[in-house]
Amino acid sequence: MGRLMAIEGRKNAQDARRGKIFTKVIRELTVAARAGGGDPKANPRLRLAMDRGLAVNMARDVMERAIKKATGELEGVSYEEVRYEGYAPGGVAVIVDCMTDNKVRTVADVRHAFSKCGGNLGTDGSVSFMFKRLGVLTYLAGAGQEAVENAAIEAGADDIVVYPDDGSIDVLTSPDNFEAVKQAMQAAGLPPEHAEVGLRADNDISVSGETAQAVLKMIHMLEDLDDVQNVYSNADIVG
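If you're matching positions, the sequence shown starts at 12 in the working numbering and goes up one per residue.
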């Protein structure tokens, strides 16, 4: 009985996590379609959101319904994008990108996560200057470093970062060139494990021990909020 309850508990937790991911994808689809139209061929941001939905096994009809709501073909909720900036313990810079239909609720939830974990919510622009917007294609160990590097250079990528601790590889591009590089890598038989356009810090701050645990706790709390789409930081967790 104990094992059965444990399995059921894990399944419930996985279902809840999947529901949160679906919520985030639908909000991104909604904002992307409202901003750039409902045709993914003419709207790179929408195409990227749909790719993210497919990656988590979201049904196409669910995505299409969200897009139709955003473009006014169906009645739906209106979301707006909001960004919050601040510091986690250890002087770690944190950016929180949200999509919300209630900014009062969202800022209260984000502020609570910062304060509970020993961080401080800052003002607009307080840490964003430490980050740049990049396209990132991630490959896990075993993808073949030489093959990935050669294909990335041929595709016109800006940089390639190899992580010796786990053997993973990040291929970096400008946001404008992201889709072209991604398609070229796929055509070369090297589809990325994960691909997104997001923020990356210019320089990382190393944190360890209790400070690292507090930073991770805060990031996880923020990521679990329904209104939060992405959390970026310059933390380099050591040990």
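Where a beta carbon is used, it is the ideal one built from N, C-alpha and C, also for glycine.
The model shown is predicted, which means the values in this text are computed figures rather than measured ones.
Note on residue 193: 16 or more other CB atoms within 10 angstroms of its CB, so buried under the neighbour-count rule. Residue 107 places its beta carbon 8 Å or farther from that of residue 226. Boundaries of the alpha helix (DSSP H) harbouring residue 222: 220–234, taken from the DSSP string. If you compare the alpha carbons of 132, 223, 212, 131 with that of residue 140, the shortest gap goes to 212.
In summary, residue 52 is exposed, with fewer than 16 beta-carbon neighbours lying within 10 Å of its beta-carbon over all protein chains present. Looking at the DSSP output, residue 133 shares a beta bridge with no other residue. Rounded to whole angstroms, the gap between the alpha carbons of residue 214 and residue 233 is 22 Å.
Counting only runs that start and end inside the region 95–136, the alpha helix (DSSP H) elements of at least 4 residues fall at 114–127. Judged by DSSP secondary structure, residue 241 falls within the beta strand (DSSP E) whose first and last residues are 239–244.
Residue 248 is bridged by DSSP to 218. The alpha-carbon of residue 224 is positioned some 37 Å away from that of residue 88. Residue 149 places its beta carbon less than 8 Å from that of residue 203.
Collapsing the DSSP output to three states places residue 149 in a strand.
Judged by beta-carbon spacing, residue 222 lies beyond the 8 Å limit of residue 55, meaning their Cβ atoms are not closer than that value. Between the alpha carbons of residue 126 and residue 132 lies a distance of about 8 Å. Nearest in C-alpha terms to residue 137, of all of 163, 96, 152, is 96.
A distance below 6 Å between beta-carbons, with the five flanking residues on each side excluded, links residue 249 to the following residues of its chain, in chain order: 217, 219.
The criterion of a C-beta distance shorter than 8 Å is not satisfied by residue 34 and residue 170. According to the DSSP assignment, residue 65 belongs to no beta strand (DSSP E) but to the alpha helix (DSSP H) extending over 55–66. Contact annotation, residue 76 with residue 85: C-beta distance approximately 7 Å; criterion of less than 8 Å satisfied. Annotation for residue 204: no alpha helix (DSSP H) segment contains it, and DSSP assigns it neither H nor E. With respect to residue 130, residue 61 sits apart: the two C-beta atoms are not nearer than 8 Å.
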